[in-house]
Amino acid sequence: MEQEIEENFGEKEEESDLTRRILREAFGDSSSESDHGECSSPIGESFSLLSCQESGFEIPIWEPVHGIQGLWFCSNFLSSENQSSLLSAIYQDGWLTDQHNQAMRFGDLPEWALELSRRVRSAVCTGDIRAGSELNLSTMSVRNDPLPFDLLWREPLFDQLIANVYKPGEGICSHVDLMRFEDGIAIISLESACIMQFTLEKEIENGKEKEVPVFLNPGSLVLMHGEARYSWKHGINRRPGCQIWDGKEIEQKRRTSVTLRRLCPAPSC
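Residue numbers (UniProt numbering): 1 to 269.
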């Protein structure tokens, strides 16, 4: 199986290299590529193990979550084909089984996770800000990027992952990710939609903690940095009656999530 995956990956890399050469001949080299690594349009990326060869691509659309500095949402991060391919890669590797609904890796990420990291970077580079968000690319500050420059171009972007499978009704308690992880966290949602609640513990409104709900559709990506990463708890309550969006209860299905993070280089981080 490993040899077969490596061979497929090599073929995809050759196709990707050829596409990039054609693009360079047509448009020239990008200064951002030479200075910081690749940041090309999805046209020039094969997405390797995760992608069925798509006839076109959809520009990622980013939306800032109002009220939470550093929280960004991309609803169209992965197409249906990408999602299916990603799930196949995860399960073919034996990461998740009926007996094991969680898998973690610290360093030496599998190829599908490396490709996922590259697509996160590409989505930030090539994505558009949603019209009507009252933000535009020409006036955005570093604080208002989906991922700040220093985090986006660190190497590696991520070196730790956790994959979880949630049965209908199962969720995760509100929490702030451990300080052993650096700033900049990505969460990819697959299979089932859900509402993730963000809670600002220190701010009370009408006797309750301030909460901001975010609807996560399958194939979506959430990026957290700064205040969103360190000051806001996030969690999912999938008990009956708790997943209401636009006045309707979300149908509960199996949900798979992949979280990408980077470990701090030292305990004092």
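Think of the CB as a built atom: it goes at the ideal place given N, C-alpha and C, for glycine as much as any other residue.
Owing to the predicted nature of the structure, the values given are computational and were not obtained by experimental measurement.
Assigned secondary structure, residue i (DSSP; H/G/I helix, E/B strand, else coil)
i: Glu249; result: strand
i: Cys125; result: helix
i: Phe149; result: helix
i: Ala89; result: helix
i: Leu71; result: strand
i: Ser257; result: strand
i: Leu114; result: helix
i: Arg130; result: coil
i: Arg119; result: helix
i: Glu81; result: helix
i: Ile59; result: coil
i: His66; result: coil
i: Ala266; result: coil
For residue j and residue i, believed in contact at Cβ under 8 Å, the rounded distance
i: Cys194; j: Ile250; result: 6 Å
i: Gly169; j: Arg239; result: 6 Å
i: Arg121; j: Leu86; result: Incorrect: roughly 16 Å between the Cβ atoms, too far for contact.
i: Ile185; j: Arg261; result: 5 Å
i: residue 276; j: Pro60; result: Within the shown structure, residues of the chain are numbered from 1 to 269, placing residue 276 beyond reach of any answer.
i: Ser80; j: Ile188; result: Between Ile188 and Ser80 the Cβ distance is about 14 Å, and since that is not below 8 Å, they are no contact.
i: Gly219; j: Gln92; result: With a Cβ gap of about 19 Å, Gly219 and Gln92 do not count as contacting.
i: Val212; j: Ile68; result: 6 Å
i: Asn237; j: Gln197; result: 7 Å
i: Met224; j: Gly127; result: Actually they do not touch by this definition, with Cβ atoms about 16 Å apart.
i: Cys264; j: Phe181; result: 7 Å
i: Glu209; j: Leu200; result: 7 Å
i: Pro146; j: Trp72; result: 4 Å
i: Ala89; j: Trp112; result: 4 Å
i: Asp183; j: Gly226; result: 7 Å
i: Ser117; j: Asn217; result: 21 Å between Cβ atoms; not a contact.
Residue(s) in a DSSP beta bridge with residue i
i: Gln99; result: For Gln99, which the question treats as bridged, DSSP gives no partner whatsoever.
i: Gly235; result: Gln197
i: Phe106; result: Gln160
(message) Please give me, in chain order, every unbroken run of the alpha helix (DSSP H) with length at least 4 that falls completely inside the segment 160-233.
(response) 227-230
(message) Check whether the segment 85-105 and the segment 225-238 are in contact - that is, three or more C-beta pairs closer than 8 Å.
(response) no
(request) Please confirm if the segment 104-113 is in contact with the segment 148-165, defined as three or more CB-CB distances below 8 Å between the two stretches. (result) yes
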